[in-house]
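Student: Residue numbers (this note's numbering), protein chains in the order written: chain A, 229 to 550; chain B, 59 to 307; chain C, 43 to 438. The beta-carbon is built from N, C-alpha and C at its ideal position, and this holds for glycine as well. To start, I am sharing the structure in question, which I have written as structure tokens.
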């Protein structure tokens with residue numbers, strides 16, 4: 229077995245962000261094994277974004293259509309994967325909230341071990357190996373699986389590599405399944421926000437902001453990055469209600485691996501670092517030059533954030549030609 | 059209602075992690091072990107549902123070595139009625155562990171089986187959903203609200219970009235996330251009562267593992283960074299570094 | 043979740059191994075409660091001079107009041123080491139909160155348990171355990187502190203009960219108490235043997251309580267004057283088995299025992315704060331933890347805390363065997379509070395300028411501990427108690 233199956237997340241008839249990254253990881257794994265990459269998209273009707281999947285690494289795009297897949301329907305997806313899983317060395321999903329829900333179900337259904345939230349997946353002597361953070365990022369574990377494995381890849385771990393190739397599209401049947409869980413819908417928050425766990429750039433605010441309304445400064449900086457930045461927060465400000473829990477980065481919040489993490493007025497408590505230390509580049513802005521955050525930051529500015537952040541926003545806007 | 063809550067014993071989240079001599083597990087010297095924090099949401103949910111119903115039974119189940127009995131007594135001190143210790147060595151393969159739990163829970167007549175979303179040692183985040191799949195029961199993971207009406211459960215969970223709502227019939231399996239409730243502290247009377255509650259020990263062996271832990275290592279130290287300057291005047295230097303050195307802009 | 047930047051204790055000599063599983067569990071639960079409920083509010087309460095009374099129901103629900111009294115009266119029925127650990131962990135948060143629990147448990151519930159009738163016990167103890175009734179202990183008077191035997195509060199027998207007259211001072215919980223244990227002389231003013239205890243509801247006509255203002259210590263605690271002006275109580279108010287100065291002193295011995303543990307808690311809090319601060323505070327290019335003078339401070343604190351922990355653990359085991367004599371308790375209270383005062387002061391100094399701010403805890407502990415040094419028998423009084431024990435000669 230050398231082929232890789234990627235179960236691509238779609239929502240509302242559109243392929244979700246992160247598919248290209250997942251396919252890049254799958255492509256690398258398949259190349260090591262000498263096999264092929266199949267992308268599986270399950271939906272209730274036509275799904276947009278399929279054409280890009282080939283360029284991102286899929287040799288074949290399998291579509292499975294069923295009315296019951298209008299919302300996330302785990303039993304339907306499991307039944308579909310189960311009907312084709314025997315051919316694959318590994319089944320990959322993106323470790324999003326939905327992906328992490330799906331992966332263990334797939335694993336139990338096909339009798340495979342499951343590696344969750346991995347930062348690297350590769351093959352060694354025909355066996356799938358994964359690298360994953362454990363103990364809240366305080367240690368790194370390397371696992372080897374025997375036989376088919378289900379792997380959930382952390383978003384941001386593999387920057388997408390896109391070539392010009394196209395992938396052949398084939399439809400497959402969704403086998404009979406019993407829907408045990410009925411998802412009725414997703415309520416979006418009042419303003420549509422990019423999730424901190426999926427953003428390329430995260431700008432996190434801490435107590436140094438002083439007051440909840442000063443998160444507006446960070447939102448302006450996020451906006452300057454043009455739709456690829458999200459605003460995050462330390463636990464201290466979430467606990468006092470300045471921002472919703474979904475923005476919290478840290479041991480009891482989200483673990484994020486963005487390309488750029490800008491910590492503004494964040495002191496750098498260990499529990500916060502646990503959530504963002506795997507970011508590619510860390511910038512810290514704090515008026516206390518002895519703040520622990522500077523020990524992990526690649527670049528730091530010591531100063532008053534109320535002067536520095538607007539200046540940075542202006543500079544980013546200028547750099548992006550706005 | 060009959061409710062089972064599965065519990066794991068994990069190092070306290072403030073523990074400093076050192077690698078043990080095998081190179082595949084931590085050095086446990088001086089490490090304080092506690093109930094998995096996410097399991098506390100499950101315990102609280104189970105106890106509160108039983109209290110609201112005025113009747114029913116909560117059972118805490120753990121698969122592990124003898125040390126897990128002390129952890130289960132914390133659950134008993136919170137108010138769980140009895141404990142079952144599946145005494146044995148957990149596998150590195152989450153599916154093997156899930157099979158152990160599923161085999162024990164299958165015929166227990168449980169309306170609800172609750173887990174924490176994830177264990178804060180191995181971050182496996184798989185046992186609950188695997189048990190549900192093995193038992194063929196409805197399951198939602200990482201739930202942040204749970205309402206039981208008649209034989210139906212309504213749940214919500216956070217996904218990227220919003221809150222997902224779902225419902226299912228009982229019996230069901232859920233894994234619990236922060237925000238579901240505020241776990242109660244074990245009261246002093248509860249602590250004294252815990253030792254008198256039933257704790258059954260069942261010797262158990264996990265099946266074959268398809269997972270090998272090759273290594274456990276400390277993460278590479280981030281290279282020391284630098285302060286590029288002070289105040290707003292340092293912004294150009296930062297932009298230059300982000301563009302040419304880090305190449306992230 | 044009970045865990046994060048919170049306190050993880052100080053245990054250099056593996057004292058945990060000398061505790062039972064239940065004792066550790068009791069300690070851990072109170073430790074978590076202090077982190078979750080007390081620490082977020084204590085700074086403001088201290089500055090405002092306000093006791094966080096909204097915490098009383100939570101404390102009661104955990105079972106913190108009269109925890110070493112029997113289960114049949116609605117109490118947790120813990121042993122004395124577990125009781126001590128509760129006081130240790132409460133005082134790690136604030137001496138004022140521990141004072142509340144000490145008064146409620148050792149100075150109100152205990153005398154009712156030790157000297158009361160079965161009816162009194164059944165009536166009052168469960169309500170005090172749940173916090174439905176809040177108690178205070180009226181022994182000290184404006185002119186009779188270290189010499190409580192000189193008290194001039196009187197209780198005169200009447201046809202259907204007693205009438206009490208007098209003034210008590212420095213009474214913790216006084217202004218919010220619903221019930222008080224008043225010690226008064228039923229005979230001549232020079233007859234200490236005539237001292238008896240009375241359960242006096244604070245809404246009795248003639249009873250007033252007034253907070254003492256302008257405190258620079260124990261600010262998150264109510265400290266009150268009590269005035270009893272012809273306060274009539276029924277016959278059932280008398281604690282029938284009380285008699286002589288020995289009765290209130292037995293209560294004090296209970297409280298002092300808890301305070302000896304409390305000193306350990308306050309010292310641990312200050313040491314832990316100093317240690318973390320020293321590791322992070324950079325001066326002259328290195329953390330101050332790398333300097334000899336600060337290491338000396340920390341070494342001294344750790345040594346004193348370790349000694350005090352082992353001292354009070356053995357005292358607890360002796361108490362469980364009925365062997366914690368008043369002078370054994372005096373030794374522990376005297377040592378452990380004094381060493382806590384010194385730890386707090388040294389920690390405050392290590393913290394530098396930041397050490398005078400309320401967001402750091404050492405100076406609040408330092409100020410509080412001056413009261414703890416003074417009350418429940420001043421340090422000097424305990425020196426004399428021990429001196430008499432050693433020499434057989436009274437030097438009061």
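#1: Spell out whether any CB of chain C is found under 8 Å from the CB atom of residue 246 of chain B.
#2: Alpha carbon to alpha carbon, how far is residue 142 of chain C from residue 216 of chain C?
#3: Counting pairs of beta carbons, one from the segment 443-462 of chain A and one from the segment 214-224 of chain B, are three or more of them closer than 8 Å?
#4: At what residues does the beta strand (DSSP E) containing residue 216 of chain A begin and finish?
#5: At 7 Å on the CB atoms, spell out the chain C contacts of residue 520 of chain A, in chain order.
#6: Below 7 Å CB to CB, which residues in the same chain sit around residue 411 of chain C once its five sequence neighbours on both sides are set aside?
#7: Residue 180 of chain C and residue 227 of chain C look like a contact to me (Cβ under 8 Å); what is the Cβ gap, rounded to whole Å?
#8: Within 10 angstroms of the Cβ of residue 432 of chain C, are there 16 or more other Cβ atoms? Answer buried if so, exposed if not.
#9: Please report the Cβ distance between residue 351 of chain A and residue 357 of chain A, rounded to the nearest whole angstrom; I am assuming they are in contact, meaning their Cβ atoms lie under 8 Å.
#10: Of the choices A:477, A:254, A:336, whose alpha-carbon is the least far from that of residue 434 of chain A?
#11: Is the separation between the beta-carbon of residue 144 of chain C and that of residue 301 of chain C shorter than 8 Å?
#12: Helix, strand or coil for residue 75 of chain C? Go by DSSP, reduced to three states.
#13: Can you find a CB in chain A that lies within less than 8 Å of the CB of residue 65 of chain B?
#14: Please name the residues in the segment 116-149 of chain B whose beta-carbon is closer than 8 Å to at least one beta-carbon of chain A, in chain order.
#15: Over the uninterrupted beta strand (DSSP E) stretch that includes residue 294 of chain B, give me the two end residues.
#16: Taking residue 319 of chain A as the reference, which of A:278, A:339, A:384, A:547 has the closest Cα?
#17: Compare the C-beta of residue 411 of chain A with all C-beta atoms of chain B and state if any pair is closer than 8 Å.
#18: For residue 224 of chain A and residue 316 of chain A, I'd like the C-alpha separation in whole angstroms.
#19: Helix, strand or coil, according to DSSP, for residue 378 of chain C in the structure here?
#20: Please check the pair residue 152 of chain B and residue 182 of chain B, which I expect to be a contact at CB under 8 Å, by giving their CB distance rounded to whole angstroms.
#21: In chain order, what residues of the same chain have a beta carbon less than 7 Å from the beta carbon of residue 47 of chain C, not counting five sequence neighbours either side?
#22: Please report the straight-line C-alpha distance between residue 229 of chain A and residue 309 of chain A, rounded to a whole angstrom.
#23: Using CA coordinates, which residue listed in A:367, A:337, A:416, A:336 is at the minimum distance from residue 346 of chain A?
#24: Would you verify that the beta carbon of residue 75 of chain C is, or is not, closer than 8 Å to some beta carbon of chain B?
#25: My guess is that residue 118 of chain C and residue 247 of chain B are in contact by the Cβ rule of under 8 Å, so how many angstroms apart are they, rounded?
#26: Beta strand (DSSP E) containing residue 454 of chain C: first to last residue?
#27: Under 8 Å, do residue 285 of chain A and residue 252 of chain A count as touching if we go by C-beta distance?
#28: In whole angstroms, what is the alpha-carbon distance linking residue 299 of chain B and residue 74 of chain B?
#29: What residue range does the beta strand (DSSP E) around residue 369 of chain A cover?
#30: Starting from residue 109 of chain B and walking both ways along the alpha helix (DSSP H), at which residues does that stretch end?
#31: Would you report the Cα separation of residue 302 of chain B and residue 425 of chain A, rounded to the nearest angstrom?
#32: Just to confirm my understanding: we take residue 359 of chain C, look at its own chain, exclude 5 residues before and 5 after, and list those with CB closer than 7 Å. What are they?
#33: Could you check if residue 55 of chain C is buried or exposed, using at least 16 other CB atoms within 10 Å of its CB as the buried criterion?
#34: In this structure, does DSSP put residue 43 of chain C in helix, strand or coil?
#35: Return helix, strand or coil for residue 227 of chain B, following the three-state DSSP convention.
#36: Of all Cβ atoms in chain B, is any one closer than 8 Å to the Cβ of residue 348 of chain C?
Tutor: This is what the structure holds:
#1: Interface criterion met: the Cβ of residue 246 of chain B is under 8 Å from a Cβ in chain C.
#2: Whole-angstrom Cα-Cα distance: 10 Å.
#3: Taking 8 Å as the limit for Cβ pairs, the verdict is that the segment 214-224 of chain B does not touch the segment 443-462 of chain A.
#4: Outside the shown range of chain A (229 to 550) lies residue 216 of chain A, about which nothing can therefore be said.
#5: 322
#6: Within the same chain, and ignoring the five residues on either side of residue 411 of chain C in sequence, the residues whose Cβ sits closer than 7 Å to its Cβ are 137, 308, 379, 382, 383, 386.
#7: Rounded, the Cβ-Cβ distance is 13 Å, inconsistent with contact.
#8: exposed
#9: 7 Å
#10: A:477
#11: yes
#12: In the structure shown, the three-state DSSP call for residue 75 of chain C is helix.
#13: Not a single CB atom of chain A sits nearer than 8 Å to the CB of residue 65 of chain B.
#14: none
#15: If you look at residue 294 of chain B, you'll find it isn't in any beta strand (DSSP E); it sits in the alpha helix (DSSP H) that goes 293-298.
#16: A:339
#17: yes
#18: No statement about residue 224 of chain A is possible, as the shown extent of chain A runs from 229 to 550 and does not include it.
#19: helix
#20: Under the criterion of beta carbons closer than 8 Å, residue 152 of chain B and residue 182 of chain B qualify as touching, at roughly 5 Å.
#21: Caution is warranted here: a pLDDT of 48 is assigned to residue 47 of chain C, below 50, making its placement in the model unreliable, and no coordinate value can be reported.
#22: 16 Å
#23: Of the candidates A:367, A:337, A:416, A:336, the one whose C-alpha sits nearest the C-alpha of residue 346 of chain A is A:367.
#24: yes
#25: 5 Å
#26: Only positions 43 to 438 of chain C appear in the structure, and residue 454 of chain C is not among them; the question remains open.
#27: yes
#28: 33 Å
#29: 367-373
#30: Going by DSSP, residue 109 of chain B is part of the alpha helix (DSSP H) stretching over 95-111.
#31: 26 Å
#32: Apart from sequence neighbours up to five positions away, the residues of its chain that approach residue 359 of chain C with a beta-carbon distance below 7 Å are 123, ordered along the chain.
#33: exposed
#34: Because residue 43 of chain C sits at a pLDDT of 32, beneath the cut-off of 50, its placement in the model cannot be relied upon, and the following sentence gives the value as read from the coordinates. Coil at residue 43 of chain C, not helix or strand.
#35: strand
#36: no
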